[in-house]
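Participant: Each residue of the sequence shown is one higher than the one before, starting from 1357 at the first, in my numbering. Every residue, glycine too, gets a C-beta built ideally from N, C-alpha and C. Predicted, not measured: the structure shown is a model, and the values here were computed from it.
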Amino acid sequence: MNHAYKEPLIVQEVAPRDGLQIEKQWVETGDKIALIDGLSACGFTRIEAGSFVSPKAIPALRDGDAVFNAIRREAGVIYVALVPNVKGAERALAARADELNLVMSASQTHNRANMRMSCESSLAGFGDVVRLVEGAASKVSLNATVATAFGCPFEGRIDEDRVVSIVRSYREMGIAGITLADTTGMANPRQVARLVTRVLADVPAADLTLHFHNTRGLGLANVLAAYDAGARRFDAALGGLGGCPFAPGASGNICTEDLVNMCEEMGIPTGIDLQKLIALSRTLPALVGHEVSGQVAKAGRNCDLHPVPEYVRAI
Ligand code: COA
Ligand code: ZN
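1) Counting by C-beta, which residues lie closer than 6 Å to a heavy atom of the ligand ZN, in chain order?
2) Please report how far the alpha carbon of Lys1654 lies from the alpha carbon of Ala1469, in whole angstroms.
3) Please list the segments of the alpha helix (DSSP H) lying wholly inside the stretch 1541 to 1603, counting only runs of 4 or more residues, in order along the chain.
4) Should Val1423 be listed as close to the ligand COA, given that the test is whether its C-beta is under 8 Å from any heavy atom?
5) Could you tell me whether the Cβ atoms of Leu1350 and Gly1444 are closer together than 9 Å?
6) Would you say the beta carbon of Pro1680 comes nearer than 8 Å to a heavy atom of the ligand COA?
7) Who are the Cβ neighbours of Gly1650 in its own chain at under 7 Å, not counting the five residues just before and after it?
8) Measuring from the CB of Lys1380, is there a heavy atom of the ligand COA at a distance below 8 Å?
9) Can you grab the Cα-Cα spacing for the pair Gly1586 / Asn1578, in whole Å?
10) Is it the case that the CB of Ile1514 approaches a heavy atom of the ligand COA more closely than 8 Å?
11) List the whole-angstrom C-beta distance separating Asn1609 from Ala1592, where the pair is believed to meet the contact cut-off of C-beta under 8 Å.
12) Which word fits Pro1411, buried or exposed, when buried means at least 16 other C-beta atoms lie within 10 angstroms of its C-beta?
13) Is it the case that the CB of Val1439 approaches a heavy atom of the ligand COA more closely than 8 Å?
14) Select from Ala1642, Leu1633, Met1473 the residue whose C-alpha is nearest the C-alpha of Cys1398.
15) Using a Cβ-based criterion (distance less than 8 Å to any ligand heavy atom), does Ile1534 qualify as near the ligand COA?
Okay, structure coming up:
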């Protein structure tokens, strides 16, 4: 028995952002708000509720301002906004986001595809965002993501030293929260254990989030490898929605209810109500117009037993 399995695993729900950003069917503002309010009732402490990026880049989330202004703010829940630049940060502050999540890729090519700028320009912009937040009237926390940290769909392998040094630059700029993102599901468990161990030498576990996509079926294996290496915070999306529209071949985040189910079965506390989560996940196909990849919402929990058929009773 691994006693570390008693330590809570913190799930940040990202379906309203990563999940919806790639959907072709427009999701009405009211439906986005209802989804976030539904998630707020499931026990999450962190929800990435939208992004403040160019509406031309991500039309699906162009109503971020209206969404953030209307969601029910559940006590104890941090509502995070993804921002790419100062303009996004100004919009997010005006919409009362609790935390800003800045994103830059370890891969220059993916950063140019996604953010239309070099990594150096992204970092310079982050400096401006840090100064903006430091001068803000209310307290807002900062997180920065290293996208394509485990591999890039254009460049392939990403040098681990480069990821470690980007993390150090973020922290030196005064950004406390760090996310390592596997944008197109290229990570494997051994690689994850190695990189998480290295990054945890510089960053406390309470500040480090792992963001996995299940593109090649390794999502939950990577979660366990990261957890065993000491990581405690993970992004996941309801139904397994998600993906970066500027990363060829991208597909869904690890599925929140599948992750919570695994944790429950293993005795790892998450504080999340799995039954409510499954009920909410079952509303997704109607919302996005297609089946979703999550498995537990289809199969039910282990404890959701079936009636014994008549022919079996007779034997
Ligand atoms: N929010 C709203 N509008 C924004 C904006 C933001 N955060 N940042 C820029 N814009 C607007 C500008 O005002 C300008 O508008 P105009 O054409 O009406 O004058 C237009 O977008 C272009 O601005 P520019 O600074 O030249 O941006 P760009 O075209 O070089 O694109 C980004 C740079 C970063 C804004 C864009 O690539 C982007 O939003 N990327 C995010 C992609 C994403 O969310 N990916 C998935 C999550 S990782
Ligand atoms: Zn993602």
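Facilitator: By the coordinates alone:
1) Asp1374, Ala1537, Thr1539, His1567, His1569, Gly1598, Cys1600, Asn1609
2) Here residue 1654 is taken as the residue at index 298 of the sequence shown, counted from 1. Here residue 1469 is taken as the residue at index 113 of the sequence shown, counted from 1. Going from the Cα of Lys1654 to the Cα of Ala1469 covers about 35 Å.
3) 1545 to 1556, 1575 to 1584
4) In the sequence shown, the residue the question calls residue 1423 occupies position 67. No, since every heavy atom of the ligand COA falls outside the 8 Å radius drawn around the Cβ of Val1423.
5) Any answer about residue 1350 is impossible in this case: the structure gives the chain only from 1357 up to 1671.
6) Because the chain is modelled from 1357 through 1671, residue 1680 falls outside the range shown and cannot be assessed.
7) The residue you call residue 1650 lines up with position 294 of the sequence shown. If we look at Gly1650 and ignore the five residues flanking it on each side, its Cβ neighbours are Gly1595, Gly1596, Cys1611, Glu1613, Asp1614, Ser1637.
8) In the sequence shown, residue 1380 corresponds to position 24, counting from 1. Lys1380: no, Cβ never under 8 Å from the ligand COA.
9) Counting from 1 along the sequence shown, the entry for residue 1586 is found at position 230. Counting from 1 along the sequence shown, the entry for residue 1578 is found at position 222. Roughly 12 Å separates the two Cα atoms.
10) Within the sequence shown, numbered from 1, the residue matching residue 1514 stands at position 158. No.
11) Translated into the one-based positions of the sequence shown, residue 1609 becomes position 253. Translated into the one-based positions of the sequence shown, residue 1592 becomes position 236. Confirmed, about 6 Å.
12) As a working mapping, residue 1411 is identified with position 55 in the sequence shown. When all chains shown are included, Pro1411 counts as exposed.
13) Taking the sequence shown and counting its residues from 1, the one referred to as residue 1439 is at position 83. For the ligand COA, at least one heavy atom lies less than 8 Å from the Cβ of Val1439.
14) Your numbering for residue 1398 matches position 42 in the sequence shown. When only C-alpha atoms are compared, the closest one is Leu1633.
15) As a first step, residue 1534 is located in the sequence shown; it is residue number 178 there, counting from the start. No, the Cβ of Ile1534 stays beyond 8 Å of every heavy atom of the ligand COA.
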